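See the structure below:
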């Protein structure tokens, strides 16, 4: 097995989160229950043992949660080779564990939404799967490394990731040598970040057997019509953040702008400021502090596929300053929902941001070192279990 040895420091994470003694503050009862619920699906006793070793290593190892560091912390002879095989070369399927994790969280945290969040993993090496020059939109910078999308089950109190999809750049899709090097599955093609986000949510809706929740995703870079069409066709409710300049038409004859044709979304909301209502919500990034902002919802029409007519959606805006343009804008297929209920769903992204910053690096979400596509998915699955253990333990 050849590993990258020239991975860079993680310039997109917060250094003060690394190196914390995670294990002591995690409830052993929570970890034991997660092991019993999830790892029984692995069948063989040796796989159950390795999974529990890896999970406890993720929770207790200081610094980067590489297999070498986890093995060093555990201290048992031969454990590094065993864990390498378990993560990178073994045949176990990570998908049943992810489904079981989502089912467990359904019973323990009452999630209200599926929040799709990007994660960026800088790496200076060239051998790890998916490494290339990447653009991080929310940071406005280019970096070299991996880009992935995680789907988090979120409630106002806590959140945890349950599904992952890596954005694979064209060179990895079209280069047979790279595909073989990373053991990419046959049929795996190129997807944009927006397409990956939709695919991850649709997979859960189609195959996981868990209750469908509104999917919260960011489409400010485009792909709105395609995403809305696919999610609607699959019966998946969604709330998508959009750019203020995205154009659409007012669909309610009684509202200003109805006869103006296609308008920027921000302009539509400025025309209907008179229907804004105050909405109370809790700010997860600041200790669930109660806050109140203004919101409005407007029926709109987006151009649909040829011959299908316009697609009817609801445009939602939030004003943090009543005298300024709306601060955030979304579109949704949940056309009967109120502006207040939709804004409170949208604010669950704050819970995910807070939990990812507080727990994500401690659980090892950015720490896989290796070439293998399957190894990355197995690591991310077990790191998601570690994240869940920390989150549930803190909520007790």
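In the UniProt record's numbering, the protein residues as written are 1 to 396. Built from N, CA and C at the ideal position, the CB exists for glycine as well. Note that the coordinates shown come from a computational prediction; the quantities given were computed from them, not determined experimentally.
If the criterion is Cβ atoms closer than 8 Å, does the pair residue i and residue j meet it?
{"i": "residue 355", "j": "residue 155", "result": "no"}
{"i": "residue 241", "j": "residue 220", "result": "yes"}
{"i": "residue 264", "j": "residue 247", "result": "yes"}
{"i": "residue 318", "j": "residue 285", "result": "no"}
{"i": "residue 211", "j": "residue 113", "result": "no"}
{"i": "residue 320", "j": "residue 293", "result": "yes"}
{"i": "residue 129", "j": "residue 123", "result": "no"}
{"i": "residue 279", "j": "residue 255", "result": "no"}
{"i": "residue 172", "j": "residue 161", "result": "no"}
{"i": "residue 216", "j": "residue 337", "result": "no"}
{"i": "residue 381", "j": "residue 56", "result": "no"}
{"i": "residue 236", "j": "residue 200", "result": "no"}
{"i": "residue 82", "j": "residue 369", "result": "no"}
{"i": "residue 115", "j": "residue 352", "result": "yes"}
{"i": "residue 143", "j": "residue 107", "result": "no"}
{"i": "residue 238", "j": "residue 333", "result": "yes"}
Could you name the residues of the same chain whose beta carbon sits closer than 6 Å to that of residue i, not counting the 5 residues immediately before and after it, in chain order?
{"i": "residue 79", "result": "71"}
{"i": "residue 92", "result": "42 and 47"}
{"i": "residue 184", "result": "373"}
{"i": "residue 344", "result": "281"}
{"i": "residue 243", "result": "220"}
{"i": "residue 10", "result": "With a pLDDT of only 33 at residue 10, under 50, the local geometry of the prediction cannot be trusted, and no value is derived from it."}
{"i": "residue 260", "result": "none"}
{"i": "residue 283", "result": "289 and 291"}
{"i": "residue 392", "result": "30"}
Between the alpha carbons of residue i and residue j, how many angstroms are there, rounded?
{"i": "residue 136", "j": "residue 225", "result": "22 Å"}
{"i": "residue 341", "j": "residue 117", "result": "21 Å"}
{"i": "residue 47", "j": "residue 86", "result": "7 Å"}
{"i": "residue 339", "j": "residue 379", "result": "39 Å"}
{"i": "residue 218", "j": "residue 326", "result": "17 Å"}
{"i": "residue 252", "j": "residue 165", "result": "38 Å"}
{"i": "residue 28", "j": "residue 348", "result": "28 Å"}
{"i": "residue 188", "j": "residue 367", "result": "24 Å"}
{"i": "residue 32", "j": "residue 291", "result": "37 Å"}
{"i": "residue 190", "j": "residue 180", "result": "16 Å"}
{"i": "residue 111", "j": "residue 105", "result": "8 Å"}
{"i": "residue 37", "j": "residue 359", "result": "22 Å"}
{"i": "residue 64", "j": "residue 228", "result": "38 Å"}
{"i": "residue 77", "j": "residue 350", "result": "43 Å"}
{"i": "residue 250", "j": "residue 287", "result": "37 Å"}
{"i": "residue 323", "j": "residue 109", "result": "38 Å"}
{"i": "residue 310", "j": "residue 96", "result": "39 Å"}
{"i": "residue 73", "j": "residue 175", "result": "38 Å"}
Going by C-alpha to C-alpha distance, which of the options sits closest to residue i?
{"i": "residue 303", "options": "312, 284, 276 and 199", "result": "312"}
{"i": "residue 300", "options": "346, 191 and 314", "result": "314"}
{"i": "residue 231", "options": "322, 319, 270 and 331", "result": "331"}
{"i": "residue 197", "options": "259, 179, 150 and 237", "result": "150"}
{"i": "residue 205", "options": "222, 163 and 174", "result": "163"}
{"i": "residue 207", "options": "122, 100, 131 and 245", "result": "100"}
{"i": "residue 127", "options": "324, 142, 146 and 115", "result": "146"}
{"i": "residue 297", "options": "290, 245, 328 and 353", "result": "328"}
{"i": "residue 89", "options": "111, 182 and 75", "result": "182"}
{"i": "residue 178", "options": "289, 371 and 361", "result": "371"}
{"i": "residue 170", "options": "203, 323 and 134", "result": "134"}
Are the C-beta of residue i and some C-beta of chain D separated by less than 8 Å?
{"i": "residue 385", "result": "Given the protein chain composition of this structure (a single chain), no chain D is represented."}
Whose C-beta lies closer than 7 Å to the C-beta of residue i among residues of the same chain, with five residues either side of it excluded?
{"i": "residue 68", "result": "80"}
{"i": "residue 39", "result": "48, 51 and 52"}
{"i": "residue 395", "result": "157 and 158"}
{"i": "residue 103", "result": "210"}
{"i": "residue 363", "result": "58, 383, 386, 387 and 390"}
{"i": "residue 94", "result": "377, 378 and 381"}
Could you name the residues of the same chain whose beta carbon sits closer than 8 Å to that of residue i, not counting the 5 residues immediately before and after it, in chain order?
{"i": "residue 192", "result": "167 and 223"}
{"i": "residue 270", "result": "325 and 326"}
Worksheet item: What are the uninterrupted segments assigned as alpha helix (DSSP H) that are 4 or more residues long and contained completely in the segment 183-235, given in chain order?
Response: Segments of the alpha helix (DSSP H) lying fully in the segment 183-235: 193-207 and 224-233.
Item to complete: Ignoring anything shorter than 4 residues or poking outside the segment 23-82, list the alpha helix (DSSP H) runs there in chain order.
Response: Runs of the alpha helix (DSSP H) inside the segment 23-82: 28-39, 45-60 and 67-74.
Worksheet item: Hey, which unbroken runs of the alpha helix (DSSP H) at 4 residues or more fall wholly within the segment 86-120?
Response: You should have 95-109.
Discussion item. My parser needs the alpha helix (DSSP H) runs of 4 or more residues fully inside the segment 254-328; what are they?
Written reply: Taken in chain order, the complete alpha helix (DSSP H) segments of 4 residues or longer contained in the segment 254-328 are 265-271.
Worksheet item: Which whole runs of the alpha helix (DSSP H) in the segment 127-188 are 4 residues long or more, in chain order?
Response: Listed in chain order, the alpha helix (DSSP H) elements of length 4 or more contained wholly in the segment 127-188 are 170-174 and 176-182.
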